[in-house]
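Asks: Supplied in structure tokens, the structure appears directly below.
Shown next as structure tokens:
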């Protein structure tokens with residue numbers, strides 16, 4: 001699995017976190033690493049943010065609201081990275097940005113609604129760069145666009 005696109009993305013997520021971990025005190029770095037690994041595991045096994053938030057809250061002095069934010073954000077980032085790897089592997093160039101379509105959608109995210117976003121050009125919204133569903137507390141999602149390949153069936157003669 002590590003050599004497949006999805007495995008490579010999981011390794012990339014971990015490598016990205018290592019950059020952040022190097023600047024943190026050892027105990028905090030261990031917690032970040034553990035949280036990221038649990039996020040990847042939750043995505044792969046179909047885990048939910050609520051259960052993940054409980055695990056985060058139980059690891060130390062983390063308020064429930066903060067644990068909820070971390071869980072939603074990390075699961076969104078891990079899911080997004082895996083979605084992107086799968087989509088690119090089968091030829092997708094990007095997706096249509098979709099929102100939760102309710103009163104809680106941020107103005108900047110509502111502005112993105114219905115727009116095509118390339119995988120290699122995530123937008124910067126409110127000073128943060130990322131794809132739909134990968135920003136803190138973002139409930140937006142990607143409608144992945146696949147290139148249509150002409151297919152002609154031939155009858156056996």
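Numbering (the UniProt record's numbering), first residue to last: 1 to 157.
Glycine included, each C-beta is placed from N, C-alpha and C at the ideal position.
Taking the C-alpha atoms as reference points, what is the distance between residue 66 and residue 42?
Replies: For this step, residue 66 is matched to residue 66 along the chain shown. For this step, residue 42 is matched to residue 42 along the chain shown. Computed Cα separation, rounded: 18 Å.
Asks: If you draw a straight line from the alpha carbon of residue 119 to that of residue 71, how long is it in whole angstroms?
Replies: Here residue 119 refers to the residue found at position 119 of the chain shown. Here residue 71 refers to the residue found at position 71 of the chain shown. Looking at the two C-alpha atoms, the distance is approximately 23 Å.
Asks: Would you call the segment 74-87 and the segment 130-138 in contact, with 3 or more CB pairs under 8 Å?
Replies: With the cut-off at 8 Å, the segment 74-87 and the segment 130-138 touch.
Asks: Go ahead and pull the three-state DSSP assignment for residue 118.
Replies: Numbered from 1 along the chain shown, position 118 holds the residue referred to as residue 118. It is a strand residue.
Asks: Out of 146, 105 and 142, point me to the one whose CA is closest to residue 126's CA.
Replies: Taking the first residue of the chain shown as 1, we reach residue 126 at position 126. Out of 146, 105 and 142, 105 has the C-alpha closest to the C-alpha of residue 126.
Asks: Once the 5 residues before and after residue 141 are set aside, which same chain residues still bring their CB inside 7 Å of it?
Replies: Translated into the one-based positions of the chain shown, residue 141 becomes position 141. Closer than 7 Å at Cβ, skipping near neighbours: 98, 132 and 133.
Asks: Out of curiosity, what's the CA-to-CA distance linking residue 61 and residue 109?
Replies: Along the chain shown, read from residue 1 onward, the residue named residue 61 stands at position 61. Along the chain shown, read from residue 1 onward, the residue named residue 109 stands at position 109. Between residue 61 and residue 109, the C-alpha separation is close to 31 Å.
Asks: Please classify residue 11 as buried or exposed, where buried requires at least 16 other C-beta atoms within 10 Å of its C-beta.
Replies: Counting from 1 along the chain shown, the entry for residue 11 is found at position 11. Exposed is the call here.
Asks: Over the uninterrupted alpha helix (DSSP H) stretch that includes residue 47, give me the two end residues.
Replies: Position 47 of the chain shown, counted from the first residue, corresponds to residue 47. Run containing residue 47: none; DSSP gives neither H nor E here.
Asks: Just tell me which of 79, 63 and 40 has its CA closest to the CA of residue 139.
Replies: Position 139 of the chain shown holds residue 139. Cα-wise, what sits closest to residue 139 is 79.
Asks: Check residue 141 in the structure and name its three-state DSSP category.
Replies: Position 141 of the chain shown, counted from the first residue, corresponds to residue 141. Strand.
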